[in-house]
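Structure first, commentary second.
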Amino acid sequence: MTKSDVLIVGSGAAGAAAAWSLSRNGLKVTCLEQGRWIEKSEYSHGQSDYELARQSEFHKDPNVRRWPEDYPINVSGTPIRPLMMNAVGGSTVHWSGHFPRMRPSDFRVRTLDGIADDWPLTYWDLEPFYELNDSMIGVSGLAGDPGNPPRGVRQTPPLGFDVACEAYFRGLDKLGWHWWPSDNALISEVFGHDRSACNGCGPCDIGCPTASMSSAHVTYWPMAMGNGVDLITHARVEEVTVDENGSARGVVFRDEAGVRREHTARVVIVAANGIGTPRLLLNSVSSQFPKGLANHSGLVGTHLMFHPVGFVTGVFDEPLDAQRGPLGGLMNCQEFYETDLSRGFVRGFELQLSRSVGPLTTANGGLSGVPVAWGAGHHRALGKIYRHAITITVMGEDLPEEINRVTIDPQLTDADGTPAPLVRYRLGANSKKMMPFAIARAQELCEAAGAVEVLVDPLVQDSGWHLMGTCRMGNDPERSVVNQWGCSHECRNLFVIDGSVFTTSGAVNPTSTIQAIALRCADWVSQNFQDLYA
Amino acid sequence: MSERLFNAEQLALLTKVQSQLIPAENDMPAAGSVGCASIVHEFLREHEELYELVLRALDAIEKSTGDASFIQLTSEEQIEILRFVEKSAPEAFAELVRQTYNAYYTRPEIQAKLGIHGPPQPDGFEFPSFDVSRLDRVKARGKLWRDA
Ligand SMILES: Cc1cc2nc3c(=O)[nH]c(=O)nc-3n(C[C@H](O)[C@H](O)[C@H](O)COP(=O)(O)OP(=O)(O)OC[C@H]3O[C@@H](n4cnc5c(N)ncnc54)[C@H](O)[C@@H]3O)c2cc1C
């Protein structure tokens, strides 16, 4: 049994940021990560069959990828599949790095729109941590967006735009809509150590061999380990244990050899993501916490939010070659972000320019959800789309609902026999009204940009990239799991700092907010450390 | 692994089927003529569940031809059989199509015909830097976010 000041479960976006922050304040930090380091040599971007990685070793769905370190997820009750990577760096190993911030109104949904709940903190509480995070990891973009509060000069300039993007900019200008080059956790110039500027190779979603993506394993982890953090890989945590007073005592985990071990700590931080965190807490049953740790309210696992996503792809006569260049959101249109009740729904959505994919992914239906037809005319059909299409990702705010939830599956387990999660989710009434409106706006944009055909996947099944809400933050212990510092209402040395704590989802990718929250919570733990375990 | 190998007849059938899935047209060769069957074959040796699915599709195709062999049918008859199996064994057939596309579009000679001259790395692609004046219209609209 080993003892640390702080034990973190999960080395992803949140765990990495917290490990760095706590360790620079002199705390002895250990992080247990079920996955392993991904070696640069594992990336396939230098091979002609690189697109196959999307279907196999770098598949974003752990149920398909099935690495030994992945845990299965019962997804029979959800139209949207939860996606993630279980490795050092977590899901930032193969993300797209689109890095917008939430807006001030996102934290005040109850006050402004009379629905859901307000967060127990404001945008302005988080703002210094957004800035700190950007400065630590490196963000490309351009300050001055009138659609968002002011922010500091971005670490590197916006990524380059080409003829493919120009088509949409023309369309946006014609419609008079807002747009701005997105903040991206992807460096356009050299920044940090051992990282190159993005050379626009394209398939960011199967990893970044140049380390241009500001992923947790190439940003925070080298710094955190330099500060002395002990990162233990192949360590799958089964349970958070408690002492006789109901305080977190540590964890029980399986090491690489499958041996069960205990690791104790003064403070335990769970950063296993919006599915892994409720799974772990619900599996941590004790006489003091018979419904699972920190689950007196019964809310652990509830209020799961994903962001409903549609893909709207414009097909153009001229070749755009949008398969070249970073895959993520290069440009963000937030014309429809804030509530306008005349649209028939509350809250809003954004339209992200997401470029395109290579011929194989195109043939297999990567853009429209429907594979290119086989047989006579196949080449013509592929040639019409490949090099000629560019996709808009339509992402709506998902409202929190108690019935959308992660529970423990009665049968399914991981390779070690630890019970696996069961996800039940259905699209809410507001999303059902919002998404058709949002898709129609994206179609309008494609047409204004000059598209000759528009392909629509109205609800992308493989789009559970954003895992939020399952240990929600709030002031009221009956209506939330943790407080504004990520501290459990029931267990004062237990913290949750990942996307689980989101009270509402906003309509933007969550990771800049997840990391800002992680840094803010870690700061608070450092400052109050002595009081947390006395 | 030997039980997961296609025999010569199955390979010949796969080759013929693939050339119907991706036929020769314009300047593009048929899938069966560029070695896609052996690529799929090699791949499936390591992927048992997918092997079973593709095998099921091939069996369904063979069984649908009555006394005749698929290879001996006319092209129109072959297409008719494939359309039938696509409906009667959709999951297995979809896997057969996917494996064929996977093999075809990862062939460097096919990629060259599509204008791809090498994988994305190490060269990547160059982009012009962003012209900030493009944003003048948006800036002129002033603040667009809600105070809270
Ligand atoms: C394909 C894809 C694209 C994405 N693109 C974007 C994007 O463009 N912009 C954006 O903002 N976000 C994006 N995301 C989401 C982003 O990756 C996540 O929001 C972010 O990584 C969440 O951080 P986290 O620390 O909460 O969880 P994760 O990064 O998922 O890390 C959790 C870690 O905990 C570990 N873990 C879980 N359970 C245990 C256990 N019991 N024991 C030990 N270790 C455990 C896991 O192995 C994992 O490494 C994308 C995600 C995916 C999958």
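Chains H and F supply the protein sequences, listed in that same order. Just so it is clear: in the first sequence, position 6 is 6 by the working numbering, and no numbers are missing. Just so it is clear: in the second sequence, position 63 is 1063 by the working numbering, and no numbers are missing. All C-beta atoms, glycine included, are put in the ideal place defined by N, C-alpha and C.
Mind pulling the chain F residues with CB within less than 7 Å of Leu363/H? Reading off the sequence shown, one finds Ala at residue 363/H, where the question assumed Leu. Neighbours of Ala363/H on chain F, chain order: Tyr1101, Tyr1105.
Identify which residue in Thr313/H, Leu299/H, Val242/H has its Cα closest to the Cα of Ser284/H. When each option's Cα is compared against that of Ser284/H, the closest is Val242/H.
Contact set between His98/H and chain F, taken where Cβ atoms lie within less than 7 Å: Per Cβ cutoff of 7 Å: no residues; His98/H is ~16 Å from chain F at best.
If you draw a straight line from the C-alpha of Val454/H to the C-alpha of Cys333/H, how long is it? Their Cα atoms are separated by approximately 18 Å.
Please list, in chain order, all residues of the same chain as Arg324/H whose beta carbon is under 7 Å from its beta carbon, the five residues on each side excluded. Answer for Arg324/H: Gly200, Gly202, listed in chain order.
Compute every distance between the C-beta of Ser214/H and the non-hydrogen atoms of ligand 1, then say whether any falls below 6 Å. Answer for Ser214/H: no, Cβ out of range of ligand 1.
Buried or exposed: where does Ala451/H fall if 16 or more other Cβ atoms within 10 Å of its Cβ makes it buried? Under a 10 Å Cβ-count criterion, Ala451/H is classified as buried, with 16 or more other Cβ atoms of the shown protein chains found around its own Cβ.
Does the distance from the C-beta atom of Leu1210/F to that of Leu1044/F stay below 7 Å? Nothing in the structure corresponds to residue 1210/F, since chain F is present only between 1001 and 1148.
Go through the region 301-377 of chain H residue by residue and report every complete run of the beta strand (DSSP E) that reaches 3 residues or more, in order. If only uninterrupted beta strand (DSSP E) runs of at least 3 residues are considered, those enclosed by the region 301-377 of chain H are 309-315, 331-333, 349-353.
Just to check, is the beta-carbon of Pro421/H closer than 6 Å to a non-hydrogen atom of ligand 1? Pro421/H: no, Cβ never under 6 Å from ligand 1.
Cβ-based contacts, 7 Å cut-off: residues of the region 1012-1029 of chain F near chain H: Here the close residues are Gln1020, Leu1021, Ile1022, Pro1023, Glu1025, Asn1026, Met1028.
Does the beta carbon of Ala1148/F sit closer than 7 Å to a beta carbon anywhere in chain H? Yes, contact with chain H.
Taking only beta-carbon positions, decide if Glu1046/F is within less than 7 Å of chain H. For Glu1046/F, the answer is no, since every Cβ of chain H falls outside 7 Å of its Cβ.
By Cβ distance below 8 Å, which residues in the same chain neighbour Asn475/H in space, the five residues on each side in sequence not counted? Excluding five sequence positions before and after Asn475/H, the CB atoms of its chain that fall closer than 8 Å to its own CB belong to Pro120, Asn483, Gln484, given in chain order.
How about Val394/H: is its Cβ closer than 6 Å to a heavy atom in ligand 1? Ligand 1 never approaches Val394/H closely enough for any of its heavy atoms to be under 6 Å from the residue's Cβ.
Note down, in chain order, all residues in the region 201-221 of chain H with a beta-carbon under 7 Å from any beta-carbon belonging to chain F. For the region 201-221 of chain H, the beta-carbon criterion of a distance under 7 Å to any beta-carbon of chain F is satisfied by Cys201, Gly202, Pro203, Pro209.
Put Glu33/H into one of helix, strand or coil per three-state DSSP. Annotated three-state conformation of Glu33/H is coil, per DSSP.
Suppose you measure from the CA of Ala17/H to the CA of Gly26/H; what does that come to, to the nearest Å? It is roughly 15 Å from the alpha-carbon of Ala17/H to the alpha-carbon of Gly26/H.
Do Phe253/H and Ala235/H come within 7 Å of each other at the CB atom, strictly closer than that value? It is a contact, given that the beta carbons lie within the stated cut-off.
Ala535/H by DSSP, collapsed to three states: which one? Any answer about residue 535/H is impossible in this case: the structure gives chain H only from 1 up to 534.
Any idea which residues DSSP pairs Ala248/H with across the strands? DSSP lists Val242/H as partners of Ala248/H.
Closest Cβ-Cβ distance between Gln1121/F and chain H: below 7 Å? Yes, Gln1121/F lies at the interface with chain H (some Cβ there is under 7 Å from its Cβ).
Members of the region 1057-1079 of chain F that neighbour chain H once the beta carbon cut-off is set at 8 Å: With the criterion set as a beta carbon lying under 8 Å from some beta carbon of chain H, the members of the region 1057-1079 of chain F are Ile1079, in sequence order.
Could you confirm whether any beta carbon from chain F is found closer than 7 Å to the beta carbon of Pro359/H? Judged by the 7 Å Cβ criterion, Pro359/H is in contact with chain F.
Fully enclosed by the region 15-68 of chain H, which alpha helix (DSSP H) runs are 4 residues long or longer? Listed in chain order, the complete alpha helix (DSSP H) runs (minimum 4 residues) inside the region 15-68 of chain H are 62-65.
Considering only heavy atoms of ligand 3, does any lie closer than 6 Å to the CB of Arg236/H? Ligand 3 is absent from the structure shown, which contains only ligand 1.
For Glu338/H, decide whether its Cβ has a neighbour in chain F, counting only Cβ atoms nearer than 7 Å. Among the CB atoms of chain F, one or more fall inside 7 Å of the CB of Glu338/H.
Contacts that Asn148/H makes with chain F (C-beta to C-beta distance below 7 Å): Chain F residues near Asn148/H: Trp1145.
I need the straight-line Cα distance from Met1001/F to His1047/F, nearest angstrom please. Bear in mind that a pLDDT of 45 at Met1001/F, under 50, signals an unreliable position, so the model cannot answer this.
Assuming Ser188/H contacts Cys198/H (C-beta within less than 8 Å), just tell me the rounded distance between them. Yes, they are in contact, since the Cβ atoms of Ser188/H and Cys198/H sit about 6 Å apart, within 8 Å.
If I follow the unbroken beta strand (DSSP E) through Glu262/H, where does it start and stop? Residue range 260-270 is occupied by the beta strand (DSSP E) that includes Glu262/H.
Measuring only the C-alpha atoms, how far is Ile1061/F from Ile1081/F? Taking the straight line from one Cα to the other gives about 7 Å.
So, do the region 430-439 of chain H and the region 296-312 of chain H have three or more beta carbon pairs nearer to each other than 8 Å? Yes, the region 430-439 of chain H is in contact with the region 296-312 of chain H.
Looking at C-alpha atoms only, which residue of Val496/H, Ser4/H, Glu447/H is the closest neighbour of Val229/H? Ranking the options by Cα distance to Val229/H, first place goes to Ser4/H.
Examine the Cβ distances between the region 441-448 of chain H and the region 163-179 of chain H and report whether three or more of them are shorter than 8 Å. Cβ pair count under 8 Å is three or more, so yes.
Under the DSSP definition of a beta bridge, which residues are partnered with Arg103/H? In the DSSP assignment, no residue is bridged to Arg103/H.
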